[in-house]
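A short write-up of the structure that comes next.
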Amino acid sequence: MDSMKIAMLAPPWIEIPPPGYGGIEQVVALLAAELTERGNDVTLFAAPGTRSRAEVLSPLEGPHPDEIEMAVYEADHVASSFAGVEETEPPFDVLHDHCGFTAFAFADRIDTPVVHTLHGPFTEETSAFYARHGHKASAVALSRYQAEQAPAGLDVVAVIGNPIVVGDFPFRDQKDDYLLWIGRLNDDKGPQRAIAAAREAGAPLVLAGPVQPGQEEFFARDVEPHIDGDRVRYIGEVGDEKADLYAGARALLMPIRWPEPFGLVMTEAMACGTPVIAFPEGSAPELVLDGETGFVVEDEHAMAAAVGRLDEIDPARCRSSAEERFDVAPVADAYERAYRLAAQRARSPIR
Ligand code: UDP
66 MDSMKIAMLA PPWIEIPPPG YGGIEQVVAL LAAELTERGN DVTLFAAPGT RSRAEVLSPL
126 EGPHPDEIEM AVYEADHVAS SFAGVEETEP PFDVLHDHCG FTAFAFADRI DTPVVHTLHG
186 PFTEETSAFY ARHGHKASAV ALSRYQAEQA PAGLDVVAVI GNPIVVGDFP FRDQKDDYLL
246 WIGRLNDDKG PQRAIAAARE AGAPLVLAGP VQPGQEEFFA RDVEPHIDGD RVRYIGEVGD
306 EKADLYAGAR ALLMPIRWPE PFGLVMTEAM ACGTPVIAFP EGSAPELVLD GETGFVVEDE
366 HAMAAAVGRL DEIDPARCRS SAEERFDVAP VADAYERAYR LAAQRARSPI R
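Following my numbering, the numbering of the sequence shown begins with 66 at its first residue and continues without gaps.
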């Protein structure tokens, strides 16, 4: 198939690949590399410090990891990137937008067709936003659950999960004795519920991840008092060492109470042959094959009970399921199809 000329718009907050926490940045890193590897001409508009096999353009002077979602930086980054896209000759076939709301809201103001990945959940505010502007770009949902939540007027053209490189994760079938919880430490993600479940199961728990700005009070009240350096250990934000952390864990606990649109940590755990025990929220019941790659359970008590059944889960099956479903190759195939569809539709006279 013909190669394409692709502009990829990353958020302006964190460089790519992300040094630590950074779900979207990680997705953009893998996709840009894979699409370039396949012979596409990819230009990545991203925060300064970004490294990629794609050509990189960074309109802003620095990254803004402590000012995430501050409109002034998003608007500047998007407007400058749009100018860069419009000045490019020959023109891009498609602009793949991963960045907040600004680009989507103005997607009908540039000639390049826009494909927008829905990285966040639908709330009252974002649903109203997408209902109003939904016709301006082709949206990609991360899960069937998320696609079902889409408001009328939003043009969801495909369901494509986030990719990982399964081969980059070490497989281990002999596990250590700890349970793992990893992610942003906030109420939705549930580190406090993981503590309760692990305690009831009588198993040690390792917590990893950043306490993001605004979450200090939650952490001090609901998590910190339980950290004892033994049964409950908090090791802060982790970088490359996360792979061994996943591989050694008996299970990843995912006691979420929010409509998680995807949940990369579940795929990363399975890639390491580590089962996932998740609450049935958002995409979790799609990502975790109940009884096959982990368990989907209703609450902390059921989570504790499921820890006792982990020997029913085959680590090799977790790994192969991750390869089949989450590896970057099938994900890039699906995006190439979505780009072609968007480009075709932009050329159609009905538009
Ligand atoms: N992560 C990391 N270090 C940490 C905590 C998280 O590298 O200390 C990574 C994690 O491995 C995953 C991403 O951050 O790749 C989080 O993405 P996910 O989709 O699970 O959650 P969200 O985007 O909602 O934060």
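Even glycine gets a Cβ: it sits at the ideal position worked out from N, Cα and C.
Q. What first and last residue would you give for the beta strand (DSSP E) that runs through Y299?
A. V297 to Y299
Q. So, are the CB atoms of G218 and A202 less than 9 Å apart?
A. no
Q.
Starting from D421, trace the beta strand (DSSP E) in both directions and tell me its first and last residue.
A. Absent from the structure is residue 421, since the part of the chain shown begins at 66 and ends at 416.
Q: In angstroms with no decimal places, state the Cα-to-Cα distance between A369 and F284.
A: 22 Å
Q: Out of I71, I342, A387 and E281, point me to the one whose CA is closest to E154's CA.
A: I71
Q. Can at least three beta-carbon pairs, one atom from the segment 299 to 318 and one from the segment 198 to 215, be found at a separation below 8 Å?
A. no
Q: Confirm the yes/no value for this check: CB of I247, any heavy atom of ligand 1, distance under 8 Å.
A: yes
Q.
For A403 and G226, I'd like the C-alpha separation in whole angstroms.
A. 13 Å
Q. Going by the C-beta, is L352 closer than 8 Å to any heavy atom of ligand 1?
A. no
**Q.** Candidates V276, L207 and A343, of which the one nearest T182 by Cα
**A.** L207
Q: Would you list the residues sitting across from A206 in a DSSP beta bridge?
A: V224
Q: May I ask whether a heavy atom of ligand 1 can be found less than 8 Å away from the beta carbon of P76?
A: no
(Q) Does the distance between the C-beta of L329 and the nearest non-hydrogen atom of ligand 1 fall short of 8 Å? (A) yes
Q. Does DSSP put G199 in a helix, in a strand, or in coil?
A. helix
Q. Taking C-beta to C-beta, are V179 and M69 nearer than 9 Å?
A. no
Q: Determine the closest residue to V373 out of F360, P380 and A381, with distance taken between C-alpha atoms.
A: The amino acid occupying residue 373 in the given sequence is Gly; Val does not appear at that position. Out of F360, P380 and A381, F360 has the C-alpha closest to the C-alpha of G373.
Q) Out of curiosity, what's the CA-to-CA distance linking Q144 and Q239? A) Before going further, note that residue 144 is Ala rather than Gln in the sequence given. Cα to Cα, the separation comes out at about 51 Å.
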